[in-house]
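Undergrad: Right, I'll just put the structure down here and ask away after.
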Amino acid sequence: MRKVALKEYDIEVISDWLIRKSLANIFQTTTNTMGGPSVTAVSRLKKDYAKLMKDPVPFVIAAPLHSNILEWHYVIRGAPQTPYEGYYYNRFIKWTFAYFAGGLYHGKLIFPPDFPFKPPSIFMITPSGRFQTNTRLCLSISDFHPDTWNPAWTVSTIITGLLSFMNDTAPTLGSVTSSDAEKRSLARKSREFNLKDRIFCELFSDLAKEIREELADEQSKLSDENTVDDATSLRRSGEEGDYATLTYNLVVLAGVVLIAFALDMKMTRRTLVSVRMLLILCGCAVCVICTITLLLSCSCDERDALNALPGFAPYSLLRPRSSKIVDLPSVYLIISIMSSPSDSAVRTVIRNTWLRSSSRAWVELAHASKFAGRRTFRHVFSIGTKNLSLLMKERLEEENNLFGDLIFLENLSDSYQNLAKKTLLTLQALHLMYKFQFLLKVDSDSFVRLKGLMKALKDIEHPRLYWGFLDGRAKPKRKGKWAEKDWVICDRYVPYQLGGGYVLSYKLVDFFVRNMDLLKLYRNEDVSVGAWLAGLSVRYVHDPRFDTEFRSRGCNNQYIITHSQTPESLVKFYTSLVNTGKLCEKEYRIRPSYVYDCAMHRLQGAHLEDSSLFYNGTCQAELILWQLIAPFSILLRNIAVPWIFVGFRFALSNGFWLKFSLDFLFIVLPIILSLTLFSDHISVILLLELVALLSLIVFSLCEYCFIAREKPTLYQIFSQVVDDQHSPTKFVTYMRTMVLIATATAILAVDFDVFPRRFAKTHTYGRSIMDVGTASFVYCFAVVDVFKNFPSRNKFSSAQRNIRKHLSAAVLLCLGFGRTLILHLLKYPQQIVEYGVHWNFFITLACLRTVVQLLGRRFHLLFGLVIISVYQYLLSEKDLQKWLLSESAPRDNLVAMNREGIFSLFGYLSLYYFASSIASFMSSTGIRLKSWFCKTFQLLVIAIFLFFAQKSSEIFLGPPSRRIANLPYVLEMLVFNTIFMASCLLVQLASIFGWAAQMPQFSVGIRVDFFPLIYQFHIDFADESPFERLKPCVLDSLNQYGMQFFLLTNILTGFINLIISTISVTDIYHSTAVIIVYMFTSCAAIHVYKRLRFIP
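Per UniProt numbering, the sequence shown starts with residue 1, numbered consecutively.
Dropping the structure here:
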């Protein structure tokens, strides 16, 4: 069968056409009734024609009339995977196959004489089911909309827009509505229709010639087949052919009788009777024998011919592939969709959803040089037809005649037990039908973002590629649907890509075909494929973007394939892709994935994936915006709580639980909501807090100015504020505690669907809220180490400080090793993409403290610059970065196993020294209020300088990466935490308003009876300063017992994950309620613990 001319219509064909149609003859235009075209129009159309010849539009050819350059004619070939891709069924070979000819749609463009200042008229001549014929079409590029016309648009632009609109379904004036079946029917008839058009045959003579030859070939082969069909029909004439044999035999019998009577005239009477009877008996015997023979030889064949469908017979599969592989249709990717005979509705949904959206990706990729001149992909549905009813076979044949994308496996009963055999037979069939490079096998309940898959496949091409979602931890099931009784290799399956969807290269498929008689078929097809490839030199690629497990992990816009979806979900995904360009209307996660390291032992190879694998995180603007919630919340609390207690003695002993509840409501709850329910409305939270702040400030000022009877002067207020009891370094407490609260919230919230994926840790590059955790702790360590010598914080002697310093590092190291040991003993799967196999957060902090003690804290800025410069040089110039981020680099020793944690320590160490430099700059400030205001603005200036340095580094070094703590990441964390520190300092200074408004209500030397729990005692608050009574009690408790709080939240997180299946809590309100109770319990426990420590 010849290929259609436009199937590979390229510049060579066009050039050949130009040789026979000279440009001089083409551009000889005659004067029309309007006075002829303008010089500008002729010049512009000539340029457009030359450009069109040099850079043709895919699927379209166009040319002007020889006699009139203002009238152009075009031919559009139906794009693949659209209803306009006409095809016809090949019935001359044993297996089902369709040559896709593509509908040919002839139309014309009528340009005005003053083109390009006015748009052309657009007509469609060939019936297409999309546009009316010989009718002006209303498009934004046609003369219906001269107001939207752009003179810069060329003929190429016009026909490209027409092609795009044709593949769309939007209605317009001149369009018609028709079904896909009608469009396909018109596409098949378009060739004959165009041959009747004189202009088409003259202007596109080469194309017309090719069409005539193809039609002649088809007619010849159809005639041959019709001859066979006619013979069969004659043999089966009458009532289904039941009396044909009897008729033949009666004719034979009549001939014998005539012979007998003819002999009557020559023979004597004595011999006449015996001869006559002998002839009659012989004739009867011949008739009986012929009847029995014909019935036995013909009836079964005719019944089989009636019931059989064109399909893959066993002998066809075992036949060696033709050596003329170049004669097979060439395709880059073949898509095999496993389907059952009764899934016609599902197949229709697939054709109308992700296969339809994939056709647009084909058009885009056709422009790429990598796919130029060949098909990008082709899809088929594989169906076993053995033991099917006649009615079902007829329906399948009708469906295949309509769509031409079914493969029938004749001797295969379509059932789950035969799924491995079905997969193997399908691979062999496609191996015989196409010349392809890669094969994608998917189930009928999978949704594929083919454009994303093609782009990713282009980057990881390999001649022995096995790409999907690897499972190397599964144990064979001995009961149930997936029971694997024949698996005796080992106690676990060998690594295999899960069957919801995976990609195989041609070499691997060819290996299956050539060794089919040696391959053992297991119950599960994906297990079988993994076993067939075990021991071969195969490139395994584990990609969590393949959501191909037995149950979907949720929805993420980065997914390439998502499995276990209903037809309604397929339609929903397609609608979302068309309308928003995203797979998910809202991202959510049912359960985490894992990272698979093929270089490790299979029992160690499966680690829980950080929930953000392949997520790019959020933008820096949103990160800074979220950061402002904490200082806004503290400031609102510092002003609101004293205002609530107007007229009451605001001492620490009053309302223990009430004050704790208010602190939790004002400070902790906004952080929780910003990470859960209101994660998409951070600006709304800030706006509400700002409105509340302004309202309370107005009330406080009004009370101070008009209501308070005994109000101190502003000078007295400022004098007391800068007193030593004011604790000018209270902003350090704010920083540390808010980092603790945000971290404690995130470590549990990340396990629920309500937590946004963009806030989770990034895999390689990017930024997110969870990415700032370790960096913020390091920054706070540096600030505390500097400000611990500040007069208001110097509570310990030098010896005590040294002991606490060494004790802190030892405790962190013990916690780190203890965590690693416990997880190892429990064989608890863990993530390795952040720190490594044995390394963790505690070990990083312990090593950092130890190194700082050895190097000292002098020359902060110099140490920071030297460390980050050397480290970044190794990352960029010595391929250290490539090794650290490699998924395939082996982890065959202790350093390699923990490479992320070990080498990122250098980045965190430089971050510590840079933060120490900034804190040292701040520590030189006195206790005067004016000095702190100046330092606040200077901090903001430093943050701006660091921001520009960060952006510059990203230009030359790439985006920030948490895993390796490169220079862009260090600079971004400095920007984030410096702005945060400046904000906390502003909160500390602005809180004076709340304190000043309540100055007359404060009392000193009050003796109060207090009943905490079951105890009754007396506390003397004579030494309480007004600022001490104003400060948030929850923050003080968490700051003083931060380590205990962090350990408690980790324990509670593990406990909650044990008693609650977080993956099953899909309701966002239930999830948020669990997180709120968890945080309230943790904060209350530490707050009560602190209170009990002070009980006499």
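Where is the CB? At the ideal position from N, CA and C, for every residue including glycine.
(1) Alpha carbons only, please: which of Ala-919, Met-735, Phe-447, Leu-52 is nearest the one belonging to Arg-858?
(2) Quick one: what does DSSP say Ala-483 is sitting in, helix, strand or coil?
(3) In angstroms, rounded to a whole number, what distance separates the CA positions of Leu-909 and Lys-441?
(4) Tell me the rounded alpha-carbon separation between Val-331 and Leu-862.
(5) Is Pro-631 closer than 9 Å to Phe-980 when the C-beta atoms are compared?
(6) Just to confirm the assignment, what range does the alpha helix (DSSP H) spanning Gly-107 have?
(7) Are Leu-911 and Val-970 closer than 9 Å when you measure CB to CB?
(8) Tell me which residues share the same chain as Phe-131 and place their Cβ nearer than 7 Å to its Cβ, disregarding the 5 neighbours each side in the sequence.
(9) Under 7 Å Cβ to Cβ from Cys-780, same chain only, skipping five residues before and after it: list those, please.
(10) Could you tell me whether the stretch 682 to 689 touches the stretch 767 to 786, where touching means 3 or more Cβ pairs closer than 8 Å?
(11) Nearest to Arg-891 by CA position, among His-838, Lys-393, Ser-569, Lys-386, is which residue?
(12) Which runs of the alpha helix (DSSP H) at least 4 residues long sit entirely within the stretch 129 to 202? Give them in chain order.
(13) State the beta-bridge partners of Met-897 as determined by DSSP.
(14) Using alpha carbons as the reference points, say which of Cys-555, Lys-189, Ile-199, Tyr-105 lies closest to residue 1100.
(15) The alpha helix (DSSP H) spanning His-860 covers which residue range?
(16) Tell me whether Cys-555 sits in a helix, a strand or coil according to DSSP, three-state version.
(17) With three or more beta-carbon pairs closer than 8 Å as the criterion, would you say the stretch 459 to 473 touches the stretch 495 to 502?
(18) Would you grab the beta carbon distance between Arg-464 and Arg-539 for me? Rounded to a whole angstrom, and I think it's under 8 Å.
(19) What residue range is occupied by the uninterrupted alpha helix (DSSP H) comprising Ser-983?
(20) Give every residue of the same chain whose Cβ lies closer than 6 Å to the Cβ of Ala-965, excluding the five residues on either side of it in the sequence, and list them in chain order.
(21) Are there three or more Cβ pairs, one per stretch, closer than 8 Å when the stretch 808 to 828 is compared with the stretch 750 to 759?
(22) Per DSSP, Ile-337 is paired with what?
(23) Any idea what DSSP makes of Gly-452, helix, strand or coil?
(24) How far does the beta strand (DSSP E) with Met-53 in it reach, from first residue to last?
(25) To the nearest angstrom, how far is the alpha carbon of His-73 from that of Leu-207?
(26) What's the gap between the Cα of Ser-179 and the Cα of Pro-968?
(27) Between which residues of its own chain and Ala-943 is the CB-CB distance below 6 Å, once the five residues before and five after are set aside?
(28) Among Phe-842, His-379, Gln-437, which has the Cα closest to the Cα of Leu-450?
(29) Decide if Asp-785 is buried, meaning its Cβ has at least 16 other Cβ atoms within 10 Å, or exposed.
(30) With a threshold of 16 other CB atoms inside 10 Å of the CB of Ala-621, please say whether the residue is buried or exposed.
(31) Does the Cβ-Cβ distance between Phe-660 and Cys-1083 come in under 9 Å?
(32) Using only the alpha-carbon positions, how far apart do Leu-989 and Ile-671 sit?
(33) In or out: Trp-354 buried (at least 16 other Cβ within 10 Å) or exposed?
(34) In chain order, what are the residue ranges of uninterrupted beta strand (DSSP E) at least 3 long that sit wholly in the stretch 492 to 517?
(35) Give the DSSP-derived three-state secondary structure of Trp-72 in the structure shown.
(36) Just to confirm my understanding: we take Ala-1085, look at its own chain, exclude 5 residues before and 5 after, and list those with CB closer than 8 Å. What are they?
TA: Result, derived from the coordinates:
(1) Here residue 858 refers to the residue found at position 858 of the sequence shown. Per the Cα distances, Ala-919.
(2) Numbered from 1 along the sequence shown, position 483 holds the residue referred to as residue 483. Looking at Ala-483 - three-state DSSP - the assignment turns out to be strand.
(3) Here residue 909 corresponds to residue number 909 of the sequence shown, with the count starting at 1. Here residue 441 corresponds to residue number 441 of the sequence shown, with the count starting at 1. Roughly 48 Å between the two C-alpha positions.
(4) Numbered from its first residue, the sequence shown carries residue 331 at position 331. Numbered from its first residue, the sequence shown carries residue 862 at position 862. Note on geometry: alpha-carbon atoms of Val-331 and Leu-862 lie some 59 Å from one another.
(5) What you label residue 980 is simply residue 980 of the sequence shown in a count that begins at 1. What you label residue 631 is simply residue 631 of the sequence shown in a count that begins at 1. Against a cut-off of 9 Å, the Cβ pair of Pro-631 and Phe-980 comes out as a contact.
(6) By one-based count along the sequence shown, residue 107 stands at place 107. Here Gly-107 belongs to no alpha helix (DSSP H); instead the beta strand (DSSP E) covers 104 to 110.
(7) As a first step, residue 911 is located in the sequence shown; it is residue number 911 there, counting from the start. As a first step, residue 970 is located in the sequence shown; it is residue number 970 there, counting from the start. Taking 9 Å as the Cβ cut-off, Leu-911 and Val-970 qualify as a contacting pair.
(8) Locating residue 131 in the sequence shown gives position 131, counting from the first residue. Met-124, Leu-137, Gly-174, Ser-175, Val-176, listed in sequence order.
(9) As a first step, residue 780 is located in the sequence shown; it is residue number 780 there, counting from the start. Residues of the same chain with a CB within less than 7 Å of the CB of Cys-780, apart from the 5 flanking positions on each side, are Met-735, Arg-736, Val-739 in chain order.
(10) no
(11) The sequence position of residue 891 within the sequence shown is 891, counting from 1. Ranking the options by Cα distance to Arg-891, first place goes to His-838.
(12) 155 to 167, 180 to 195
(13) Against the sequence shown, residue 897 aligns to sequence position 897. None; Met-897 has no bridge partner.
(14) Residue coverage of the chain in this structure runs from 1 to 1096, which leaves residue 1100 outside it and unanswerable.
(15) In the sequence shown, residue 860 corresponds to position 860, counting from 1. 860 to 877 is the extent of the alpha helix (DSSP H) around His-860.
(16) Here the question's residue 555 lines up with position 555 in the sequence shown. Secondary structure of Cys-555 (DSSP, three-state): strand.
(17) yes
(18) For the purposes of this step, residue 464 is taken as residue 464 along the sequence shown, with counting starting at 1. For the purposes of this step, residue 539 is taken as residue 539 along the sequence shown, with counting starting at 1. Yes, they are in contact, since the Cβ atoms of Arg-464 and Arg-539 sit about 5 Å apart, within 8 Å.
(19) By 1-based counting over the sequence shown, the position of residue 983 is 983. It spans 967 to 990 - the alpha helix (DSSP H) in which Ser-983 sits, taken as one unbroken run.
(20) Mapped onto the sequence shown, residue 965 falls at position 965. Residues of the same chain with a CB within less than 6 Å of the CB of Ala-965, apart from the 5 flanking positions on each side, are Ser-904, Gly-907, Tyr-908 in chain order.
(21) no
(22) For the purposes of this step, residue 337 is identified with residue 337 of the sequence shown, where counting begins at 1. Looking at the DSSP assignment, Ile-337 forms a beta bridge with Phe-381, Val-442.
(23) Numbered from 1 along the sequence shown, position 452 holds the residue referred to as residue 452. DSSP places Gly-452 in helix when its eight states are reduced to three.
(24) For the purposes of this step, residue 53 is identified with residue 53 of the sequence shown, where counting begins at 1. First-last for Met-53: 39 to 54, but that is the alpha helix (DSSP H), not the beta strand (DSSP E).
(25) Residue mapping note: residue 73 aligns to position 73 of the sequence shown, counting from 1. Residue mapping note: residue 207 aligns to position 207 of the sequence shown, counting from 1. Distance between the alpha carbons of His-73 and Leu-207: 13 Å.
(26) Within the sequence shown, numbered from 1, the residue matching residue 179 stands at position 179. Within the sequence shown, numbered from 1, the residue matching residue 968 stands at position 968. Approximately 55 Å, taken between the alpha carbons.
(27) Translated into positions along the sequence shown, residue 943 becomes position 943. If we look at Ala-943 and ignore the five residues flanking it on each side, its Cβ neighbours are Val-975, Thr-978, Ile-979.
(28) Start at 1 with the first residue of the sequence shown, and residue 450 comes out as number 450. Of the candidates Phe-842, His-379, Gln-437, the one whose C-alpha sits nearest the C-alpha of Leu-450 is His-379.
(29) For this step, residue 785 is matched to residue 785 along the sequence shown. Buried, since its Cβ has 16 or more Cβ neighbours within 10 Å.
(30) Residue numbering aside, residue 621 sits at position 621 when the sequence shown is read from its first letter. Result: exposed.
(31) Residue numbering aside, residue 660 sits at position 660 when the sequence shown is read from its first letter. Residue numbering aside, residue 1083 sits at position 1083 when the sequence shown is read from its first letter. In this structure, Cys-1083 lies closer than 9 Å to Phe-660 by Cβ.
(32) By one-based count along the sequence shown, residue 989 stands at place 989. By one-based count along the sequence shown, residue 671 stands at place 671. Distance between the alpha carbons of Leu-989 and Ile-671 is about 22 Å.
(33) Taking the first residue of the sequence shown as 1, we reach residue 354 at position 354. Its Cβ being crowded by 16 or more others within 10 Å, Trp-354 is buried.
(34) 501 to 505
(35) In the sequence shown, the residue the question calls residue 72 occupies position 72. Trp-72 falls in the strand class under three-state DSSP.
(36) Counted from its first residue, the sequence shown places residue 1085 at position 1085. The answer, listed in chain order, is Leu-1048.
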